[in-house]
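Visitor: Let me give you the structure first, and then I'll get to my questions.
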Amino acid sequence: LLKAARGVRVYPSRSNFLLFETDRDPRALWQAMVGRGVLVRDVSGYPRLGRALRVSIGRPEENDAFLKALEFAITEVPPGGKP
500 LLKAARGVRV YPSRSNFLLF ETDRDPRALW QAMVGRGVLV RDVSGYPRLG
550 RALRVSIGRP EENDAFLKAL EFAITEVPPG GKP
């Protein structure tokens, strides 16, 4: 379902987390999600990950909360912004 999110590109993963890039300012997206009580890791400061965030896979209800928070954050944070 994360692949279907607007403005998000998900990288393949064989671990318990997903790395995804966004067309929004990742720090602003992170802040909007934290404001909704969902924690993701802002990895945009790492080399070559300027637009990336990372989320751990959790229980179904946690994953649903993440997807709802991401959907909200994407509507709140306009496209563009910092790399």
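Take the sequence shown: its position 8, counted from the start at 1, is 507 in the numbering used here, and no numbers get skipped. Note that the Cβ used here is the ideal one computed from N, Cα and C, for glycine as well.
#1: Per DSSP, what kind of secondary structure is residue 504 in: helix, strand or coil?
#2: Mapping the DSSP letters down to three states, classify residue 524 as helix, strand or coil.
#3: So is residue 552 buried or exposed if we call it buried at 16+ other beta carbons inside 10 Å?
#4: In three-state terms, what does DSSP make of residue 578?
#5: Grab me the residues of residue 572's own chain with a C-beta within less than 7 Å of its C-beta, minus the 5 sequence neighbours each way, in chain order.
#6: Report the three-state DSSP secondary structure of residue 552 (helix, strand or coil).
#7: So, helix, strand or coil for residue 542, using DSSP?
Guide: Once the coordinates are examined:
#1: It is coil, neither helix nor strand.
#2: DSSP places residue 524 outside both helix and strand once states are collapsed to three, so it counts as coil.
#3: Buried is the call here.
#4: Residue state, collapsed to three classes: strand.
#5: Exclusion of the five residues before and after residue 572 leaves 528, 531 and 532 as the residues of its chain whose Cβ lies within less than 7 Å of its Cβ.
#6: Shown here, residue 552 sits in a strand according to DSSP, grouped into three states.
#7: Residue state, collapsed to three classes: coil.
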